[in-house]
Amino acid sequence: MNANKVLPLAAGLLLASAAQVQAATLIHHYDFTSGVTDSAGSANGTLLGGASTAGGVLTLDGDGDYVQFSSYLVPTSGSYSVSFFAQRAVAQGSYTEVISQANTGGGFYIGTDPSGNIRAADNWLSTGVAFGAPGMTDHYALTVDAANNVSRLYVNGTLAASVGYALTSVTGGTYTRLGRQFDPYAEFFQGTIDDVRIYDGALTGNEVALLANPVPEPSTYAMLVAGLGLVGALARRRRIS
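Just so we're aligned: the sequence shown equals residues -23 to -1, 1 to 218 in mature numbering (1 follows the signal peptide of the UniProt record, and there is no 0).
What follows is the structure, given as structure tokens:
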């Protein structure tokens, strides 16, 4: 193929992808470089039980550490996406949660069951997808496309599982937490969490792949990177590995 034709074609595809980013708007972002400050919105969190953000990552010891917010961060209906990097310190052999909100019987969370498989909310208790091995940093993203009634789980930018309905969350109960289940459960996560992003709208597979594996070419990917809220984050890729 003529090289002179390849470059314009690639640029066109990138521009098309960038236009699609507008369907998913970054509403909350936590990179933990300044505590639990929301760089995309105004929903700052509170460190509890000895949780730490030293080194620019959220570190939890699994024994009472978590982050508490004063509102529901994940949209309770419609299309939305949740993205983060996480590393388990050990195989805990119990239920654990990276993020949660609301209450049982319709609450939202992303975490693990005692076998180490990922579960995503009361509506998707068994994804059949294993959480990363202890000591390994991996990227996870859940996208909910309400218009097409499909929810997708991605691991390291690759589609791992999907279901034919949109995950929703009830609005009563506990406000959003990182590293712990909603009340009255504990289910503490032991490990590290970084680059938590919550979007209003469903990210595409290509957008998730860029979040998981950002390419440091700002001149070429400027529009897509800006749309995803990745400006300034490329050098931080998998910082907790």
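Backbone N, C-alpha and C fix where the C-beta goes; we use that ideal spot for every residue, glycine too.
Measure the Cβ-Cβ separation of residue i and residue j and say whether it is below 8 Å.
i	j	result
Asp172	Phe61	yes
Thr120	Ala63	no
Asp15	Gln167	no
Thr153	Tyr49	yes
Gly156	Val75	yes
Thr151	Asp160	yes
Asn21	Val34	no
Would residue i be called buried (16 or more neighbouring beta carbons within 10 Å of its own) or exposed?
i	result
Val19	Strictly speaking, residue 19 in this sequence is Ser, with Val absent from that position. It counts as exposed.
Ala1	buried
Ile8	Note that residue 8 is Asp in the sequence shown here, rather than Ile. Classification of Asp8: buried, given that the 10 Å Cβ count is 16 or more.
Pro191	buried
Gly109	buried
Pro52	buried
Tyr57	buried
Leu102	exposed
Leu128	This sequence places Ser at residue 128; Leu is not what is there. Buried, since its Cβ has 16 or more Cβ neighbours within 10 Å.
Ala28	buried
If contacts are defined as beta-carbon pairs under 8 Å, then residue i and residue j qualify, I think. What distance do you get, rounded to the angstrom?
i	j	result
Leu24	Arg174	Not confirmed; about 19 Å, so no contact.
Gly112	Asn126	About 37 Å; that fails the 8 Å criterion.
Thr89	Thr114	Wrong, their Cβ atoms sit about 15 Å apart, outside the cutoff.
To which residues of the same chain is residue i closer than 6 Å at the C-beta, ignoring the five residues directly before and after it?
i	result
Gly41	Gly26
Ala118	Ser60, Tyr131 and Val185
Pro91	Gly70 and Ser71
Asn100	Leu144
Arg65	Pro111 and Gly168
Thr30	Phe9 and Gly12
For residue i, I'd like the list of residues in its chain whose CB is within less than 7 Å of its CB, leaving aside the five on either flank, ordered along the chain.
i	result
Gly55	Ala123
Thr104	Asn94, Ile95, Arg96, Ala97, Leu130 and Ala138
Ala163	Arg157
Ser47	Tyr152
Val106	Asn94, Ile95, Leu130, Val132, Ala137 and Ala138
Only counting the same chain, and skipping five residues up and downstream in sequence, which positions put a Cβ closer than 8 Å to that of residue i?
i	result
Asn133	Asp115, His116, Ala189 and Asn190
His5	Asp15, Ala17, Gly18, Ala20, Leu50, Val173, Arg174 and Ile175
(message) Assess contact between the stretch 144 to 160 and the stretch 77 to 97, defined as three or more Cβ pairs (one per stretch) separated by less than 8 Å. Is contact present?
(response) yes
(request) Please determine if the stretch 126 to 144 and the stretch 71 to 82 are in contact, where contact requires at least 3 C-beta pairs separated by less than 8 Å. (result) no
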